[in-house]
Structure formats: structure tokens, C-alpha cells
Amino acid sequence: MKQSQIFSKTIRDNPKDEESVNAKLLVRAGYVEKVMAGVYNFLPLGLRVFKKIENILRKEMNLLEGEEILLSALQPKENWLATGRWESYDTLFKFLSHYSKTEYVLGPTHEEIISPLAKKNIVSYRDLPRYLFQIQTKFRDEKRAKAGLLRGREFTMKDLYSFHSDEADLDEYYEKVQKAYEHIFEKAGIGDLTYLTFAFGGSFSKYSHEFQTLTPAGEDTIYICDTCKIAVNHEIIGEQDSCPKCGNKKLRKETAVEVGNIFKLKTKFSEPFGLKFKDENDQERNVLMGCYGIGLNRLMGTIVEIHHDENGIIWPESVAPFKAHLILIENSEGEIKKSADEIYNNLLADNIEVLYDDRDLSAGEKFADADLIGIPWRVVVSEKTLREGKLELKSRKKETGELISYDNFAKAIN
RNA sequence: CGGAGAGUAGUAUAGAGGUAGUACACGUGCUUUGGGAGCACGAAGCCCGGGUUCGAUUCCCGGCUCUCCGACCA
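If you're matching positions, the first sequence starts at 14 in our numbering and goes up one per residue.
See the structure below:
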């Protein structure tokens, strides 16, 4: 993609309506634009990152044998009355049709939709287990949206729901999802700072598990066992004041953001919707359920919170909008562009995702924008590099670059 | 939802009871090209409603919006 053609522009000043690092950088670099508190538009650069994250998630969901579906965002009140969450779910967006005076819900989560759906397709033990996931927009009427992408009123979530005939099967799958989540956060570049965290389990389980990433931008407090590399959420520290694994009492207090959670719902939703199956002995039994969520916006914001410096974002390669940022520095005769165009076309032909800064701007401004946008590899073409018959390659993580031939360059970044 | 702060051009800000200035961005022309280039000219602005006042963008009240702290967060 040519930068002269890209829809968004970089902004030099920090926006006055954002305080969080992730929002400041993502807005300034042109990844997102704020519509209102907790609601953002995704611009071409931002959508590219979003799709990279989506694909990481989708790949892991497929490995978990998840089948992808897309559930309704607009939901009937009756389903929420059935579970009692019409009254008890405090961030529920409810609204009234002006014509029919019918009340609706904008879905904050999808147990109320997927449980009745599952009921239509799960009737026998032969239909179990089942694993269904979606990547879809959620709406939550947060009393206070905050921290840029970390807590929004509209956001995209990957939610996986599993259906089982017995607890052993649920437990086994739950463990698999836990491992898959570890892969996901590793792949997304935040594995080192992300802890499996024991949290409140609700009425059916002793614990649920959260994945908490250490960052001052987070709003949760967790207690880490450095021996086991797991943590306990402060909400249960009263009853669980030692490491659940090794019993260590010396836990380290940290601030973190919840980037994912896994939860054994058991029969919490199958009961109100009558989601049952016939077992091998013709006995009718409740289906057991698990749910597993990851918020994409929050994950994207968290990655920025973790990976940036004073000049801008430093994307992990797995989620970067492009692999290489090709920068043309023209000379007074205007004779560099031809070579830069050629290199751009070679990169495209070699299937290297490249953003080409072909704009008529000073070198300093292009470098500053490149640092802000944060593409992993910066490739400079200038009079200096052409004289040597080479390119200058610099990692966004490093201070200086090196001159390298095109052939070696393609190898170097792969 | 409670508390605090803030709303001035596309963006970021300055400012005064007498209708507004700067920087960046933008347009035109020239010049320039390795860390946010230069000159000239140009276009563009006081959140909404009420009150006080001869006069309010400025002071007061209310609203709306945003940010932060707290509460809340299956």
C-alpha cells in the first residue's frame, strides 16, 4: 500500500480527549478514530491489525475443533427474562421499539442466544460434545468507558461455547482451551506478561480462570506466585491467600488487565432453556457448558500498552499491519523515486506486506511517522543507499540500521 | 452512579466583559530532501440553552460531551 493513498493521516499532537497510551498512539498513528467514549472507528491500518488478531484467534479455535458461527447482536427480551439477567445484568443495553413497543437487548454476551440454538441441534449423547465460536460485536452499557480500547461500550469478542455430556469431558476441554489461550497470548506478543489467574467461579465452580496481562493501564489487582507463574485475582484473595498450585504464601501484588477468561458454566444456562440430551441409557440429562472469551479491542490496546516507546508503537510481527515500511528519501534531482518504485514492486512480487512512504515529505517527518506507526522493519531507499547498491534495513526495536542487498534483505526479514 | 477537571479553526493551545492570536495540518507558488525543512500569500474557530450586562466566547445557572479518581464489572 502506498502511504500517499492511505485514508488516514498521522497527527502530531496528542488528542486532548485521550489519556491512555494505547488510545493516544492508536489515534495519532491513524489506526482508530473515536466516535464517543468507549466507541471507536477502525481505519484501514487499524483494521489490518484487527484482522491479524482475528486470524490468530481463528487458527487456535480451529485447532480446538471449534465451528465458526455468527449469532445475533439484536436479542429478544424473553431470553434474558428466562435467565433472570434482564434484571441482574447491570451493563445490559435495553431499548424500546418505537413502533411495536417491544423491548430488545443489544447482546453483551451470547449464552441467552446460543443455549436455545444448541437445544435445537443437541438432543442425544451422539450430538456431544460440540464446540461453537464466533467473532462478533458486543455491546455493554459501561458506567464508565475508559482507557481507550481497554474498556469500551462496543467491542468485538471472540466467544467460544462448549457443550458436554459430563464433567470429565468439560474439564478435559477446559484444559485444552487454557493451553490454546496461552498460545494465543504468546503469539500476540504478550505471553511473558500474561498470567493464568484464579478468579471467582460463580455458583457452580470453585474457580474460573482469567488471563491477566501486567500493565499499569489495567484495572485489576492480582497476586502472582513467581514459582508457578500463576496468579490469584484480588476478588478471591480472602479465601485463597496462597498459590493454588504450590501453597506459596509470598504472592506479589500487581496491576493487570484481563485479556481473556474461561469459565465452566455447567448447567447455569442449560437449565433455564431446557437444554438436555438423552444418554446411552435413555435418561434425560442437562448438557454441561463452558464459555471462553477474548476481547479483540482490549487485546489490541494491551499490545500497544506493552509494546511502545516514546516515539510510537512497536508492533510484534504477528499483528503488525505490514511487515516492512519502505521509505523513499528523494534527492534534489528527483532521481531516487524510480528505484524506490522498483523496490516496492519487488516487495509486492515477493509477497512481503509493505507500506510504501512515497509522500513528498522531509526525511525527518517520514522517520517520525514510521516510528509512530510502528511497523517492524524500516527499509530506506535514498541517494546514500543507492550509491552502495543496497537498502538500509532497521528494526523498529533498534536504534540503528544496516546496509544490505535486496536479496539478503528478503531473507533477513523472514 | 458519586467526586474532580475540561470544552476556542481539521489538530493542539493562548486570551480578554467591547467578536479572537500562535503552532502544526490544509490551499497556491517557489525553494528543499537522512530525524517532525524555509519563504510568501490564502482559507478556516469561541459546545448548547437561559441569566446578569448597553454589550457575554469570557461572569453566573442549567444541560450536553470528554478525561481522570471512586463505586460497579456473569
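Using N, Cα and C, we set each Cβ at its ideal position, and we do this for glycine too.
Query raised in the report: Count the other CB atoms within 10 Å of the CB of Leu39; is the residue buried (16 or more) or exposed (fewer)?
Result: Taking the first sequence and counting its residues from 1, the one referred to as residue 39 is at position 26. Buried.
Query raised in the report: Between Ala193 and Glu31, what straight-line distance do the alpha-carbon atoms span, to the nearest angstrom?
Result: Within the first sequence, residue 193 is the residue found at index 180, counting from 1. Within the first sequence, residue 31 is the residue found at index 18, counting from 1. Roughly 33 Å separates the two Cα atoms.
Query raised in the report: Where do the ends of the alpha helix (DSSP H) carrying Gly314 lie?
Result: Here residue 314 corresponds to residue number 301 of the first sequence, with the count starting at 1. Its alpha helix (DSSP H) spans residues Leu309 to Ile319.
**Report entry** 8 Å Cβ cutoff met for Lys350 and Leu341
**Finding:** Residue numbering aside, residue 350 sits at position 337 when the first sequence is read from its first letter. Residue numbering aside, residue 341 sits at position 328 when the first sequence is read from its first letter. Yes, they are a contact pair.
Query - Residue from Tyr102, Ile127, Gln88 and His123 whose Cα sits closest to the Cα of Ser110 - result: In the first sequence, the residue the question calls residue 110 occupies position 97. That would be Gln88, whose Cα lies nearest to the Cα of Ser110.
Report task. Report the partner residues of Leu227 according to the DSSP bridge assignment. Result -> Residue mapping note: residue 227 aligns to position 214 of the first sequence, counting from 1. Answer is Ala269, bridged to Leu227.
Report task. Could you check the C-alpha separation between Leu361 and Val367 for me, to the nearest Å? Result -> By one-based count along the first sequence, residue 361 stands at place 348. By one-based count along the first sequence, residue 367 stands at place 354. Each residue's alpha carbon lies about 7 Å from the other.
**Report entry** Inter-residue spacing [alpha-carbon to alpha-carbon] between Leu309 and Gly287
**Finding:** Numbered from 1 along the first sequence, position 296 holds the residue referred to as residue 309. Numbered from 1 along the first sequence, position 274 holds the residue referred to as residue 287. Cα-Cα distance, rounded: 32 Å.
**Report entry** Within 8 Å, strictly: CB atoms of Arg139 and Phe176
**Finding:** Start at 1 with the first residue of the first sequence, and residue 139 comes out as number 126. Start at 1 with the first residue of the first sequence, and residue 176 comes out as number 163. Not a contact, by the Cβ cut-off of 8 Å.
Query - Alpha carbon of Asp322 to alpha carbon of Phe20, nearest angstrom - result: Counting from 1 along the first sequence, the entry for residue 322 is found at position 309. Counting from 1 along the first sequence, the entry for residue 20 is found at position 7. Going from the Cα of Asp322 to the Cα of Phe20 covers about 25 Å.
Query raised in the report: Below 8 Å between beta carbons: does that hold for Thr268 and Thr234?
Result: Residue mapping note: residue 268 aligns to position 255 of the first sequence, counting from 1. Residue mapping note: residue 234 aligns to position 221 of the first sequence, counting from 1. In this structure, the beta-carbon distance from Thr268 to Thr234 falls below 8 Å.
Query raised in the report: For the beta strand (DSSP E) that Lys47 lies in, which residues bound it at each end?
Result: Position 34 of the first sequence, counting from 1, holds the residue named residue 47. Its beta strand (DSSP E) spans residues Val45 to Met49.
Query raised in the report: DSSP on Gln88, reduced to helix/strand/coil?
Result: Within the first sequence, the letter at position 75 stands for residue 88. Residue state for Gln88 is assigned as strand, using DSSP reduced to three classes.
Query - Any beta strand (DSSP E) of 3 or more consecutive residues that is wholly inside the region 150–208 - result: Counting only runs of 3 or more, we get 167–177.
Report task. Let me know the beta strand (DSSP E) ranges lying completely inside the region 334–359, each 3 residues or longer, listed in chain order. Result -> Within the region 334–359, the complete beta strand (DSSP E) runs of at least 3 residues are 337–341.
Report task. Look up Gly260 in the DSSP assignment and say whether it is helix, strand or coil. Result -> Within the first sequence, numbered from 1, the residue matching residue 260 stands at position 247. Here Gly260 sits in coil by DSSP.
**Report entry** Pairwise C-alpha distance: Leu105 and Lys47
**Finding:** Locating residue 47 in the first sequence gives position 34, where the first residue counts as 1. Locating residue 105 in the first sequence gives position 92, where the first residue counts as 1. Their Cα atoms are separated by approximately 22 Å.
Query raised in the report: How long is the line joining the alpha carbons of Tyr44 and Asn75, rounded to whole angstroms?
Result: Locating residue 44 in the first sequence gives position 31, where the first residue counts as 1. Locating residue 75 in the first sequence gives position 62, where the first residue counts as 1. Cα-Cα distance, rounded: 28 Å.
Query raised in the report: What residues are listed by DSSP as bridge partners for Val136?
Result: Along the first sequence, one-based indexing puts residue 136 at 123. DSSP lists no partner for Val136.
Query raised in the report: Just reading off the beta strand (DSSP E) that Thr234 is part of, what are its end residues?
Result: For the purposes of this step, residue 234 is identified with residue 221 of the first sequence, where counting begins at 1. Run containing Thr234: Asp233 to Cys238, per the beta strand (DSSP E) assignment.
Query - Limits of the beta strand (DSSP E) - the one that Tyr117 falls within - result: By one-based count along the first sequence, residue 117 stands at place 104. Residues Glu116 to Leu119.
Report task. Output the boundary residues of the alpha helix (DSSP H) element that contains Asn299. Result -> Working through the first sequence from its first residue, we reach residue 299 at position 286. Taken as a continuous stretch (DSSP letters only), Asn299 belongs to no alpha helix (DSSP H), being part of the beta strand (DSSP E) at Glu297 to Asn299.
Query raised in the report: Do the CB positions of Phe213 and Ile249 come within less than 8 Å of each other?
Result: For the purposes of this step, residue 213 is taken as the residue at position 200 of the first sequence. For the purposes of this step, residue 249 is taken as the residue at position 236 of the first sequence. Yes, Cβ-Cβ distance for Phe213 and Ile249 is below 8 Å.
Query - Unbroken stretches of the beta strand (DSSP E), 3 residues or longer, contained in the region 379–423 - result: 390–394, 404–408 and 415–417
Query - Alpha carbon of Val332 to alpha carbon of Asp205, nearest angstrom - result: Within the first sequence, numbered from 1, the residue matching residue 332 stands at position 319. Within the first sequence, numbered from 1, the residue matching residue 205 stands at position 192. Cα to Cα, the separation comes out at about 16 Å.
Report task. Would you kindly check if the distance between the Cβ of Gln147 and the Cβ of Ile82 is under 8 Å? Result -> Stepping through the first sequence from its first residue, residue 82 is reached at position 69. Stepping through the first sequence from its first residue, residue 147 is reached at position 134. Contact flag set, yes.
Report task. Run the CB neighbour count on Asn246, radius 10 Å, all protein chains shown included, and call it buried at 16 or more, exposed below. Result -> Along the first sequence, one-based indexing puts residue 246 at 233. So Asn246 ends up on the buried side.
**Report entry** C-beta atoms of Ile428 and Ile197 nearer than 8 Å
**Finding:** The question about residue 428 has no answer here: the residues shown for the chain are numbered 14 through 427.
Query raised in the report: Going by C-alpha distance, which of Val272, Glu232, Ser221 and Phe282 is nearest Gln253?
Result: Here residue 253 is taken as the residue at index 240 of the first sequence, counted from 1. The candidate whose alpha carbon is nearest that of Gln253 is Ser221.
Query - Range covered by the beta strand (DSSP E) that runs through Ile243 - result: Sequence index remark: in the first sequence, residue 243 carries index 230 (1-based). Start and end: Ile243 to Asn246.
Query raised in the report: Gly347: which of Leu404, Asn358, Val394 and Gly251 sits nearest, CA to CA?
Result: For the purposes of this step, residue 347 is taken as residue 334 along the first sequence, with counting starting at 1. The option with the nearest alpha carbon to Gly347 is Val394.
Query - Inter-residue Cα distance where the pair is Tyr324 and Ala95 - result: Working through the first sequence from its first residue, we reach residue 324 at position 311. Working through the first sequence from its first residue, we reach residue 95 at position 82. Note that residue 324 is Asn in the sequence shown here, rather than Tyr. Asn324 and Ala95: Cα-Cα distance of roughly 51 Å.
Query raised in the report: In the DSSP assignment, what are the bridge partners of Met14?
Result: Within the first sequence, residue 14 is the residue found at index 1, counting from 1. Paired residues: none, contrary to the question.
Query raised in the report: By how many angstroms is the C-alpha of Phe422 removed from the C-alpha of Glu355?
Result: Along the first sequence, one-based indexing puts residue 355 at 342. Along the first sequence, one-based indexing puts residue 422 at 409. The alpha-carbon atoms of Glu355 and Phe422 are separated by roughly 15 Å.
Report task. For Lys289, write down the residues that DSSP places opposite it in a beta bridge. Result -> Your numbering for residue 289 matches position 276 in the first sequence. Beta-bridge pairing links Lys289 to Asn299.
Query - Neighbourhood of Ala425 by C-beta distance below 8 Å, restricted to the same chain and skipping five residues each side - result: Here residue 425 is taken as the residue at index 412 of the first sequence, counted from 1. Answer for Ala425: Leu406 and Ile417, listed in chain order.
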